[in-house]
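Using the working numbering, the first residue of the sequence shown is number 1135, and each one after it goes up by one.
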Amino acid sequence: MSSDTFTQKLEQAARYLDDAEALLIGAGAGLSAAAGIDYSNKAAFARDYPGMLQYGFTCKLDMMANFSVTPELLWGYYLQHIKETRFAPGINKTYQDLLSIAQRLKNFFVLTTNADGLFERNNFDLDRLFTPQGDYKLAQCLRPCTQQTWSVEPLIEKYLPLVDKTTQKLPPGGDPKCPNCGGPTFLNVRGGDWFVEDPWIDGSLRFKKWLAANKDKRIVVIDIGSGFNTPMWVRWPAEEIVRANKQARLLRLNLHHPEVPGDIAHRSLSFSEPANEVIALLEVSR
Ligand SMILES: [Zn+2]
């Protein structure tokens, strides 16, 4: 694509935003990647998780939703991973640019499959956030014997120092147990039918209410980095919202899957350029 076409698309996208009455930000793994969280970096993985290499794991992607390992290794890995990706200071330029676009519009909502808490850490209002896939900040019973969840931060403090760096494992039987039944636990993220929905029901209801209140308005949906792993949570709803409302517009930012269905293509703009660059340009163009 020529730079002229890119500039024209950006100008059109800025006009969509200027004209909008409501903004929905939909975000998948591609936004975290654009913001610099890289799950496929092998060199960083070998440096930070040397104990994992002996099991054939070469990058963080290999451990995503991988429940084939022992609880001692699962927790041994995730305690370190979520300390880095969920609880480190997270102020990030791409998220700040998005926040600035959203705050100018005022009437916005965020729908994201990302469990890394980056919207929360970048000061997005939690009342305007729905994370249907859960959040690394909470843990739950894997049975589950209870719908309760509990904070992960104290677990990191207590258990991470016990992880053996040569094996990345906790001591045998030393993985965090359910305080209610003593059974196995994991993070409150959607990885199977054991997922506890309770903490996310409020967000789901708030999202539905917001959508209903804005269903006839000039809504712009920015869909960022949502691919085909779990398209039912962000990618397809984004298209459906635009399809159902003739005044709605879709901005799709996606490196690998920028395509848009034909029936809404005339009300959509798609960008396969890096999302962080497009968002930065949209922010300054307004
Ligand atoms: Zn339990």
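Virtual Cβ for every residue (Gly too), placed ideally from N, Cα, C.
These numbers were taken from a predicted model, which means no experiment stands behind them.
Near ligand 1: residue i beta-carbon under 7 Å from a heavy atom
i: Thr-1247; result: no
i: Gly-1317; result: yes
i: Arg-1277; result: yes
i: Thr-1280; result: yes
Inter-residue spacing [alpha-carbon to alpha-carbon] between residue i and residue j
i: Gly-1316; j: Trp-1209; result: 16 Å
i: Arg-1181; j: Lys-1194; result: 12 Å
i: Asp-1336; j: Asp-1138; result: 44 Å
i: Asp-1269; j: Leu-1321; result: 8 Å
i: Arg-1324; j: Gln-1267; result: 5 Å
i: Trp-1344; j: Asn-1379; result: 14 Å
i: Ser-1234; j: Asn-1175; result: 30 Å
i: Glu-1407; j: Ile-1413; result: 10 Å
i: Gly-1162; j: Phe-1405; result: 15 Å
i: Asn-1348; j: Thr-1204; result: 47 Å
i: Ala-1154; j: Val-1354; result: 6 Å
i: Gly-1185; j: Trp-1370; result: 39 Å
i: Ile-1171; j: Met-1197; result: 15 Å
i: Ser-1285; j: His-1391; result: 35 Å
i: Lys-1271; j: Asp-1332; result: 14 Å
i: Leu-1403; j: Thr-1219; result: 31 Å
i: Gln-1274; j: Ala-1199; result: 15 Å
i: Gly-1164; j: Pro-1318; result: 31 Å
i: Leu-1296; j: Ala-1249; result: 25 Å
Identified DSSP bridge partners for residue i
i: Asp-1153; result: Note: Asp-1153 sits in no beta bridge, so no partner.
i: Leu-1384; result: Val-1355 and Ser-1402
i: Phe-1264; result: Leu-1245
i: Trp-1284; result: Ala-1273
i: Thr-1319; result: Cys-1275
i: Gly-1160; result: Leu-1245 and Asp-1357
i: Asp-1298; result: Lys-1303
i: Lys-1311; result: Pro-1318
beta-carbon residue i near ligand 2 non-hydrogen atom, thresh 7 Å
i: Asn-1314; result: For the structure depicted, ligand 2 is absent and the ligand set comprises only ligand 1.
Distance between beta carbons of residue j and residue i, contact taken as under 8 Å
i: Tyr-1229; j: Leu-1252; result: 6 Å
i: Asp-1231; j: Glu-1417; result: 4 Å
i: Val-1330; j: Pro-1288; result: Their Cβ separation, rounded to whole angstroms, is 18 Å, which puts Val-1330 and Pro-1288 out of contact at 8 Å.
i: Ser-1432; j: Ala-1148; result: Beyond the ends of the chain as shown, which are 1135 and 1420, falls residue 1432; an answer cannot be given.
i: Asn-1410; j: Ala-1169; result: 6 Å
i: Lys-1303; j: Leu-1207; result: 5 Å
i: Gln-1282; j: Asn-1314; result: 7 Å
i: Gly-1156; j: Lys-1351; result: According to the sequence provided, residue 1156 is Ala. The question's Gly does not apply to it. Contact holds; Cβ gap of about 5 Å.
i: Asn-1256; j: Ile-1225; result: 6 Å
Minimum Cβ-Cβ distance from residue i to chain D less than 8 Å
i: His-1390; result: Absence of chain D from the displayed structure is noted, only one protein chain being present.
Task: Stretch-stretch touch, CB-based, cutoff 8 Å, three pairs: the segment 1305 to 1312 with the segment 1227 to 1240 - done: no
Task: Cβ contact check for the segment 1382 to 1392 and the segment 1353 to 1365: 3 or more pairs under 8 Å - done: yes
Task: Validate contact between the segment 1260 to 1267 and the segment 1206 to 1222 using beta carbons, cut 8 Å, 3 pairs - done: no
TODO: May I ask you to verify whether the segment 1363 to 1380 touches the segment 1390 to 1398, counting CB pairs closer than 8 Å and requiring at least 3?
DONE: yes
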